[in-house]
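Residue numbers (our numbering): 0 to 345. Heads up, the beta-carbon is just placed ideally off N, CA and C, and yes, glycines get one too. No experiment lies behind these values; they were computed from the predicted model shown.
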Ligand code: AMP
Ligand code: MG
């Protein structure tokens, strides 16, 4: 299959019209959102949704998110709409917040991987919304990477993983947030299953106490698997080995410089995921600056693209850990998984 790439800025109408036609005919389309690129199919067509799992090599028990272009579409997807969801949708939609609630009968099993619940999000990205609107159906989509790899935040990353596997990629440029949406379950007490740009603090300011799934900063235990299947798998991983070093900027940088020399002595090519605060410590060493330690959203925006770029050269990638607060929680959630939880405290 030949994969076509269409620019959303130059050809928004043509790209979304072609994409909508493909979605309606049961094909897959990769499209930009403000979080990461999605790999979409008609969410009401179980056979089309099954193709997503095939293209990604995704485990069958990992459910997808339904993307809608208007809030009222949740009525098609959920058994009913709880009050707390209305408050959250009015505050955070369109935007990087996915809400989970009991599914309606219209939702195919392929989307929910057999669960009684379904995840729904209304994206902010204009191209994404135009595509969903024109398709006239909810678009079921996970991230548009091969299963296990870092999520794609640029069209070139989608192409690297999906070339020849899907007919169309709509190129909307780099994604604004760079990490996937916050996933909040509204079944029982509101619980964050996956942290994102809509933080626990932002949610709590609107609906009161919000719990955090305990697997967010640690490997998942067996009894948590059913609630959040996506977190159990090896995730976000480049081919290179990734290490995380936590501690103050200065202590981490010192430790990282030492590790770098040790890996080099073993004949390994090493790269450092650096920050504005530490880049001068690493002079003469290969590094890529992700952003500002005091503004974790800047690190989130560049994490996945930096992992993919460094992976082209490096056997080992060493990254700085930061405080897991506000958007730092989303950053550490992804980074620790990319590293397979190999962490050093400086
Ligand atoms: P992705 O967008 O590729 O990260 O995949 C969707 C994420 O949403 C995965 O982590 C899924 O496990 C999660 N998800 C989707 N639907 C549900 C659901 N009904 N219950 C729990 N998690 C879900
Ligand atoms: Mg994913």
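Minimum Cβ-Cβ distance from residue i to chain B less than 7 Å
i: residue 256; result: Any reference to chain B falls outside this structure, which holds one protein chain only.
Beta carbon of residue i nearer than 7 Å to that of residue j
i: residue 167; j: residue 21; result: yes
i: residue 111; j: residue 35; result: no
i: residue 135; j: residue 31; result: no
i: residue 180; j: residue 97; result: yes
i: residue 317; j: residue 235; result: no
i: residue 47; j: residue 40; result: yes
i: residue 38; j: residue 204; result: no
i: residue 269; j: residue 342; result: no
i: residue 198; j: residue 108; result: no
i: residue 194; j: residue 332; result: yes
i: residue 303; j: residue 150; result: yes
i: residue 305; j: residue 319; result: no
i: residue 60; j: residue 228; result: yes
i: residue 196; j: residue 95; result: yes
i: residue 280; j: residue 313; result: no
i: residue 133; j: residue 212; result: no
Straight-line gap, residue i to residue j (C-alpha atoms, nearest Å)
i: residue 26; j: residue 165; result: 8 Å
i: residue 220; j: residue 299; result: 26 Å
i: residue 246; j: residue 322; result: 9 Å
i: residue 104; j: residue 263; result: 57 Å
i: residue 50; j: residue 137; result: 16 Å
i: residue 296; j: residue 143; result: 21 Å
i: residue 291; j: residue 278; result: 10 Å
i: residue 328; j: residue 335; result: 10 Å
i: residue 125; j: residue 178; result: 18 Å
i: residue 4; j: residue 154; result: 8 Å
i: residue 53; j: residue 62; result: 14 Å
i: residue 284; j: residue 238; result: 20 Å
i: residue 14; j: residue 58; result: 30 Å
i: residue 74; j: residue 244; result: 45 Å
i: residue 191; j: residue 337; result: 20 Å
i: residue 122; j: residue 148; result: 22 Å
i: residue 129; j: residue 8; result: 13 Å
i: residue 254; j: residue 114; result: 44 Å
i: residue 273; j: residue 250; result: 13 Å
i: residue 2; j: residue 12; result: 19 Å
i: residue 259; j: residue 218; result: 26 Å
i: residue 67; j: residue 131; result: 6 Å
i: residue 83; j: residue 216; result: 26 Å
i: residue 366; j: residue 33; result: In this structure the chain extends from 0 to 345, so residue 366 is not present and cannot be described.
i: residue 188; j: residue 339; result: 29 Å
i: residue 161; j: residue 0; result: 10 Å
i: residue 106; j: residue 293; result: 42 Å
i: residue 282; j: residue 271; result: 11 Å
i: residue 307; j: residue 301; result: 10 Å
i: residue 6; j: residue 169; result: 6 Å
i: residue 127; j: residue 208; result: 31 Å
i: residue 200; j: residue 91; result: 13 Å
i: residue 163; j: residue 81; result: 42 Å
Inter-residue CB distance, residue i and residue j (contact presumed, cutoff 8 Å)
i: residue 42; j: residue 17; result: Contact doesn't hold; Cβ gap of about 19 Å is too wide.
i: residue 146; j: residue 55; result: 5 Å
i: residue 248; j: residue 276; result: 4 Å
i: residue 101; j: residue 78; result: 4 Å
i: residue 158; j: residue 99; result: Incorrect: roughly 31 Å between the Cβ atoms, too far for contact.
i: residue 86; j: residue 206; result: 6 Å
According to DSSP, residues forming a beta bridge with residue i
i: residue 30; result: 37
i: residue 242; result: 317
i: residue 79; result: Its beta-bridge partners do not exist; DSSP assigns none.
i: residue 184; result: 99 and 190
i: residue 170; result: 6
i: residue 271; result: 286 and 317
Around ligand 2, Cβ to any heavy atom closer than 6 Å, ordered along the chain: In chain order, the residues positioned with their C-beta nearer than 6 Å to some heavy atom of ligand 2 are 141, 142 and 150.
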